Amino acid sequence: MYGTLLQVDFQVSIFLFLVWLATTVATRLLTTRSTQRRMRRWARISLVLAAVGLLLTAARWVFTAVLASSFGWQIIADRKLLTVVLATVPAIVVALFTVPRLLRMARTAAPDSAPSAEARAAATSLWTLVPVRVALVGTALGLFEVFLPPARLGPVFLLTVSVLLVLAVTLLWWAHRRRAAGVPRAPRGRRIAVRAAVTAVVLAAGAAVFVTSMRASAFPDTYNMMQGVTEFGGGSTFPQTHEGGISVETLTGPRDRQPDRSFTLTAQAAKVPLTSGATVEAWTFNGQVPGPELRVREGELVEIKLVNNIPSVPVTIHWHGVDVPNAEDGVPGMTQNAVRTGQTHTYRFVADEVGTRWYHSHQLASEQVGRGLFGALVIEPRTVQRPVDEDIAVPFHIWDASSGARRAFGAADALERRQMEAGRRVRLRLINTSNKPATFTLTGTPYRVTALDGTDVNGPTEVNGYQLPLSAAGRYDLEFVMPSRPVRLAELGDVSHGLLLQPDGAGDVAPDTEGPVFDPTAYGSASDTPFNASSSFDRTFNLVLDDWLGFYNGKFALRQTVNGRVFPNAPVHMVREGDLVKMRFVNRGTENHPMHLHGHHMLVLSRNGQPVTGSPMVMDTLNVAPGEAWEVGFRADNPGLWMDHCHDFVHTQLGMVLHLAYEGVSTPYMLGEHAHNHPE
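Using the UniProt record's numbering, read the sequence shown as starting at 1 and increasing by one per residue.
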């Protein structure tokens, strides 16, 4: 509904512009009619057009009111409300002054003779012509909604818009007064020369603004990741860094004992076949896509050595969903330098977060993860509460293969068949490694959703035939007992591929694509949480997610913004260790934003103002759909400098990156071409 309302409202604004343009032409023609009858006809045409313009203006207010009442004030604040006001104020003047004059002309007698002096005066009146033209200008300014900054419109911007509108009114009034006074027009040649000169000045000014904006948006060769706008969330302020502060270099995992598990992941280029026969020019860990599945036990000290053998491509590894010490987080330019070709880097952390996690490169991730630098990470509990016979990690990915985009479970872009004995207890660990939300179904058996983002659901109940929407980077654990008939896991973007489990090696089942949509906020049983929506929070941050056209790093693009800003000038949220923090995400753009906070897990407090009624939702990635508002909370208990970004890496690439910074923590690392650090 939200997307439809936005689209229809913008289409109405375009049509409104065309209507006021037609009204402007009609009222101008009205002044040149040679008979009273023709003047009355054009007065009626002008009146109808003006009425349509007023109705469309009222319709925009209806859309605005529906958006505000259904999705909250912040959805319409700033640019949406501004553009409606720009269209409304002139329309009110048209209704008060132009429409009554047109009504009188439309009702007058219409002999087939020259118009009377009174009719001619009414037709050429300033209050007949100028308000319609001002309405056209106001609506035209409103059409630039897609270019306007999407939040926090400052006084300079508002003053600029006001000056443009006042200037337009002044010029129209001045031109009308000259025409009414009978001031002779300049010779044709002079008029053409003046218009050409004005056009040249406008084009030159536009070109200058274009080039200046493009150059100003380019990233410097070297810059600091923490140069954004510091926000304190309503609490007391404090310095971002101070003498004798903590460097992220010191916030490492244990270095004083031998690891319990050791792995080596070697990044290398390879041409990898998918099961359909299509091939991927991949970047791999250990020559395979996805990378090796890493399984460790809760409490174990894990050591992973990254070796980079990809020519001229620096890489890192981020441990998604694991609240590692800051120096182990794998963010180039913030917690380490990217590992260049021929270099190594060793990560160490204690595996405390039980459940389904995953790992991926955080250097130019829109390309590197897309090409295969990712894999599953499973942290098993010390004591198994729900033993299973088959535990299968199923990463979903969209590959850029030789035959085009291929949707796949792992490297299986065709239907994968596995024999599974009836009666065996199965756990499927579903991981969405793509940039976009995906929807899955499990057909052929009842099942339980036992974990969200790796965190156990309290009191999961059996469901059957549900559609399971999963955020980019999100995870579901699905558990069931294998029946004596086939069971099929499918992804609704392409149901021809999937995972088919068969007790006898034969048979099939069609994916159920028509079931109800799974709602995690109402699934499972409520239980106690360390805090809730009524708790007293030390910091509260409001994040308005949006998109608007403009320059980003020297290119014209649909920038992905947070509070009207883009990386590297996006908000830096400052906290002290121990703070209880609340964040509110509001998406008033047109695309999904899976927001991922590094180093912490978020307890969901509400969605669109409604509290969670099922099991507590403890998430590391939260999909904020267009028109949605989510409130989450977390305890600031992991000092460092942490990314908080959209996990659609295309959106990360276009600016939707911000940071959570602890008091007194700094980083010695730099970003940019010179530093070879490009976090996404």
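All C-beta atoms in this analysis are idealised placements derived from N, C-alpha and C, irrespective of residue type, glycine included. Model, not experiment: these values are computed from the prediction.
I need the boundaries of the beta strand (DSSP E) containing residue i, first residue and last residue.
{"i": "Pro571", "result": "Pro571 to Val575"}
{"i": "Thr652", "result": "First-last for Thr652: Phe649 to Gln653, but that is the alpha helix (DSSP H), not the beta strand (DSSP E)."}
{"i": "Val388", "result": "From DSSP, Val388 is part of no beta strand (DSSP E); its letter is neither H nor E."}
{"i": "Leu492", "result": "Note, Leu492: premise wrong, no beta strand (DSSP E); not H, not E."}
{"i": "Asp508", "result": "Premise fails: Asp508 is in no beta strand (DSSP E) and is neither H nor E."}
{"i": "Ser606", "result": "Met602 to Arg607"}
{"i": "Val463", "result": "No beta strand (DSSP E) contains Val463, which DSSP labels as neither H nor E."}
{"i": "Gly550", "result": "Arg539 to Tyr552"}
{"i": "Glu416", "result": "Leu415 to Gln419"}
{"i": "Lys582", "result": "Leu580 to Asn587"}
{"i": "His596", "result": "His593 to Leu597"}
{"i": "Asp477", "result": "Arg475 to Val481"}
{"i": "residue 696", "result": "Lying outside 1 to 680, the shown extent of the chain, residue 696 is not represented and no answer is given."}
{"i": "Pro469", "result": "Leu468 to Leu470"}
{"i": "Thr450", "result": "Arg448 to Leu452"}
{"i": "Arg427", "result": "Arg425 to Asn432"}
{"i": "Leu442", "result": "Ala438 to Thr443"}
Do residue j and residue i count as a contact pair if the criterion is CB distance below 9 Å?
{"i": "Ala636", "j": "His600", "result": "yes"}
{"i": "Asn309", "j": "Gln268", "result": "yes"}
{"i": "Tyr466", "j": "Thr441", "result": "yes"}
{"i": "Met574", "j": "Glu631", "result": "no"}
{"i": "Val66", "j": "Leu21", "result": "no"}
{"i": "Asp453", "j": "Gly355", "result": "yes"}
{"i": "Gly550", "j": "Ser125", "result": "no"}
{"i": "Ser666", "j": "Ser213", "result": "no"}
{"i": "Val350", "j": "Leu301", "result": "yes"}
{"i": "Tyr523", "j": "Val463", "result": "yes"}
{"i": "Asp508", "j": "Pro483", "result": "no"}
{"i": "Leu470", "j": "Arg488", "result": "no"}
{"i": "Ser34", "j": "Pro111", "result": "no"}
{"i": "Leu478", "j": "Thr450", "result": "yes"}
{"i": "Val457", "j": "Gly633", "result": "no"}
{"i": "Ala473", "j": "Thr433", "result": "yes"}
{"i": "Leu86", "j": "Leu165", "result": "yes"}
{"i": "Leu654", "j": "Arg559", "result": "yes"}
Taking the alpha helix (DSSP H) that residue i belongs to, which residues open and close that run?
{"i": "Tyr2", "result": "Tyr2 to Leu30"}
{"i": "Phe63", "result": "Gln36 to Phe71"}
{"i": "Ala122", "result": "Ala117 to Ala123"}
{"i": "Gly142", "result": "Leu126 to Gly142"}
{"i": "Arg406", "result": "Note, Arg406: premise wrong, no alpha helix (DSSP H); beta strand (DSSP E) at Gly404 to Phe409."}
{"i": "Ala106", "result": "Val99 to Arg107"}
Does residue i have its Cβ less than 9 Å from a Cβ in chain B?
{"i": "Gly189", "result": "You won't find chain B in this structure, because it holds only one protein chain."}
Thinking residue i and residue j are a contact (beta carbons under 8 Å), I'd like their distance in whole angstroms, please.
{"i": "Ala119", "j": "Thr128", "result": "Wrong, their Cβ atoms sit about 11 Å apart, outside the cutoff."}
{"i": "Met1", "j": "His659", "result": "The pair is not a contact, with the Cβ atoms about 33 Å apart (cut-off 8 Å)."}
{"i": "Phe567", "j": "Ala365", "result": "With 8 Å as the limit, Phe567 and Ala365 do not qualify as a contact, their Cβ atoms being about 13 Å apart."}
{"i": "Phe374", "j": "Val394", "result": "About 13 Å separates the two Cβ atoms, so there is no contact after all."}
{"i": "Thr529", "j": "Pro616", "result": "5 Å"}
{"i": "Glu231", "j": "Pro571", "result": "5 Å"}
{"i": "Arg357", "j": "Pro254", "result": "Rounded, the Cβ-Cβ distance is 19 Å, inconsistent with contact."}
{"i": "Thr439", "j": "Leu492", "result": "5 Å"}
{"i": "residue 683", "j": "Trp642", "result": "Any answer about residue 683 is impossible in this case: the structure gives the chain only from 1 up to 680."}
{"i": "Asp620", "j": "Gly321", "result": "5 Å"}
For residue i, which residues in the same chain have their Cβ closer than 8 Å to its Cβ, ignoring the five residues on either side in sequence?
{"i": "Gly234", "result": "Arg539 and Thr540"}
{"i": "Ser312", "result": "Thr341"}
{"i": "Thr316", "result": "Leu306, Gly330, Val331, Pro332, Gln336, Ala338, Val339, His345, Ser361, His362 and Gln363"}
{"i": "Val369", "result": "His360, Ser361, Thr433 and Phe649"}
{"i": "Asp413", "result": "Leu274, Thr275, Ser276, Ala278, Trp399, Ala401, Arg406, Arg407 and His497"}
Below 7 Å CB to CB, which residues in the same chain sit around residue i once its five sequence neighbours on both sides are set aside?
{"i": "Asp494", "result": "Arg407"}
{"i": "Ala91", "result": "Gly53, Leu54, Thr57 and Ala135"}
{"i": "Gln74", "result": "Val544, Val586 and Arg588"}
{"i": "Pro220", "result": "Gly672"}
{"i": "Glu421", "result": "Met482 and Pro503"}
{"i": "Gln7", "result": "none"}
{"i": "Thr23", "result": "Ser46, Leu49, Ala50, Gly53 and Val132"}
{"i": "His242", "result": "Bear in mind that a pLDDT of 48 at His242, under 50, signals an unreliable position, so the number given afterwards is only what the model happens to contain. If we look at His242 and ignore the five residues flanking it on each side, its Cβ neighbours are Gly664."}
Leaving out five residues on either side along the sequence, give the residues of the same chain with a beta carbon under 6 Å from the beta carbon of residue i.
{"i": "Glu390", "result": "Arg424 and Val426"}
{"i": "Pro381", "result": "Glu298 and Val354"}
{"i": "Arg261", "result": "Val296, Glu300 and Val302"}
Given the structure, does residue i come close to the ligand GDP, in the sense that its CB is under 8 Å from one of the ligand's heavy atoms?
{"i": "Gly655", "result": "Ligands displayed in this structure: none; no statement on the ligand GDP is therefore possible."}
- Length-filtered (4 minimum) alpha helix (DSSP H) runs lying within the UniProt domain "Plastocyanin-like" (268-382): Complete alpha helix (DSSP H) runs here, min 4: 365-368.
- Message: To test your reading of the DSSP string, which unbroken beta strand (DSSP E) runs of 3 or more residues are found completely within the segment 198-247?
- Response: 229-231
- Query: Which runs of the alpha helix (DSSP H) fall wholly inside the segment 616-661 and span at least 4 residues, in chain order?
  - Reply: 649-653
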